[in-house]
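Enquirer: Please find one structure pasted underneath; my questions will follow.
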Amino acid sequence: MTDLPAMTPAETALSLLFRKLHPHLEDAAHALARGVARRDLERLHLKLITARLKTVELLEAEAEALPEDSLLAELLDTLSANLTPVGESYRQALTLTQLCLEEAPADLLPHAPEGCVATSSWGPRMTDFLAHLKEPAYQARNRWEGVAEDIGETEEGE
7 MTDLPAMTPA
17 ETALSLLFRK
27 LHPHLEDAAH
37 ALARGVARRD
47 LERLHLKLIT
57 ARLKTVELLE
67 AEAEALPEDS
77 LLAELLDTLS
87 ANLTPVGESY
97 RQALTLTQLC
107 LEEAPADLLP
117 HAPEGCVATS
127 SWGPRMTDFL
137 AHLKEPAYQA
147 RNRWEGVAED
157 IGETEEGE
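As structure tokens, then:
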């Protein structure tokens, strides 16, 4: 058995985004296309929030391992803050998650080894996702406008 080289913090962050969170966006898109019941969307919302919490925990660990004043640590801290759930509705959670996936590659790839996208397990998913963003219907606000605003709402906002 060969040992796989350890991923850099930037690669870890991109892997988390595109292997852990991106599937939740795709599940939501498929569910909406099929017209699933509200309770199924609420279940998907909880799964997304759980995945975001775990992602935030792992991103924070990566940031803590870096020098405090490094740009990458700052980028990871910002990404963690943006992904931290704050009681948002499902539509808001999907939109915020997708916006993070849209913006993070431009910030993180300069800190990743050259050629890592082509050799990674997350690279093809990221490349496909970014290519789809050229279509206005695939952009975050347009893509999730069909989700009822009150799905997953908490009482904090009321």
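When we follow the working numbering, the leftmost residue of the sequence shown carries the number 7, and every step to the right adds one.
Ideal placement from N, C-alpha and C gives every residue a C-beta, glycine not left out.
Is it buried or exposed for Val-92, if we count other Cβ within 10 angstroms and need 16 for buried?
Expert: Classification for Val-92: exposed.
Enquirer: Would you please state the rounded distance, in angstroms, between the beta carbons of Lys-26 and Thr-61? I believe it to be under 8 Å.
Expert: Correct: roughly 6 Å between the Cβ atoms.
Enquirer: Between which two residues does the alpha helix (DSSP H) carrying Ser-76 extend?
Expert: No alpha helix (DSSP H) holds Ser-76; DSSP gives it neither H nor E.
Enquirer: Look at the Cβ atom of Ala-16, then the Cβ atom of Leu-114, and state whether they are nearer than 8 Å.
Expert: Yes; because the gap between Cβ atoms is below 8 Å, this pair is in contact.
Enquirer: Measure the C-alpha to C-alpha separation of Leu-10 and Leu-107 and round it to an integer number of angstroms.
Expert: Bear in mind that a pLDDT of 48 at Leu-10, under 50, signals an unreliable position, so the model cannot answer this.
Enquirer: Rounded to whole angstroms, what is the Cα-Cα separation between Ala-137 and Tyr-144?
Expert: Spanning the two alpha carbons is a distance of roughly 10 Å.
Enquirer: How about Thr-101 and Arg-147: do their beta carbons lie closer than 8 Å?
Expert: The answer is yes: Cβ separation under 8 Å.
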